[in-house]
Amino acid sequence: WEKESRRARRGVQTMSGEGASEPARRPDPMPFFYNRGSKEDELRVLLVSSPSGLLRNVNMLVEKLSNDTIPIDLILLTGPIADLDPEDAKTPALFSESEGDMSAIISSLENIQCRVAYVAGRSDPSTTYP
2 WEKESRRARR
12 GVQTMSGEGA
22 SEPARRPDPM
32 PFFYNRGSKE
42 DELRVLLVSS
52 PSGLLRNVNM
62 LVEKLSNDTI
72 PIDLILLTGP
82 IADLDPEDAK
92 TPALFSESEG
102 DMSAIISSLE
112 NIQCRVAYVA
122 GRSDPSTTYP
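The working numbering puts the sequence shown at residues 2 to 131.
In structure tokens:
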């Protein structure tokens with residue numbers, strides 16, 4: 002029983018039936034740039050959805066998470082990030098301002114010191130699409 006308990010703590014699973022002595026393959030460790038202090042076999046992802054250009058709220062989130070002891074390995078940011086109105090997209094100054102808002106939000110989230118991946122929404126500037 003003690004041997005099985007140690008296996009369970011290490012995350013090693015055994016197959017039942019024929020070949021039961023073969024342990025299941027453990028997953029490869031996370032790449033070094035994702036591991037910011039979480040356990041080797043964990044990936045902590047924070048989903049930030051639809052900030053819609055509200056940099057003040059994003060800054061409050063960053064401040065809270067910077068003081069928190071829970072490590073975050075990856076932030077997934079989904080749009081709309083800047084929330085550009087289709088009529089405003091025709092005005093170069095407003096289009097550029099929207100790009101700047103989006104850049105400021107992403108930069109603010111990067112202050113948590115982890116990877117930030119984003120998916121632009123329909124109302125984000127077209128220059129941010131892949």
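Glycine residues also receive a C-beta, built at the ideal position from the N, C-alpha and C atoms.
Residue from the options with nearest C-alpha to residue i
| i | options | result |
| --- | --- | --- |
| D55 | L47, P131, P87 and P81 | Sequence check: residue 55 is Leu here, not Asp. Selected option, being the one with the closest Cα: P81. |
| D89 | N68, V63, D125 and V59 | D125 |
| S99 | V46, P52 and L47 | P52 |
| G101 | T128, V46 and L62 | T128 |
Buried or exposed by the 16-neighbour rule on C-beta atoms within 10 Å, applied to residue i
| i | result |
| --- | --- |
| M103 | buried |
| P93 | exposed |
| R7 | Per-residue confidence for R7 stands at a pLDDT of 49, beneath the threshold of 50, marking its modelled position as unreliable; the derived number appears in the next sentence. Exposed. |
| M16 | Any reading at M16 is ruled out, since the residue's pLDDT is 48, under 50, leaving its predicted position unreliable. |
Sub-8 angstroms separation of residue i and residue j beta-carbons
| i | j | result |
| --- | --- | --- |
| A118 | Y130 | no |
| L44 | L78 | no |
| I71 | C115 | no |
| S50 | N112 | no |
Exercise. Would you call the stretch 108-116 and the stretch 81-96 touching, i.e. three or more CB-CB distances under 8 angstroms?
Worked result: Too few Cβ pairs lie closer than 8 angstroms, so no.
Problem set entry | Unbroken stretches of the alpha helix (DSSP H), 4 residues or longer, contained in the stretch 52-128 | Correct list: 56-68 and 93-111.
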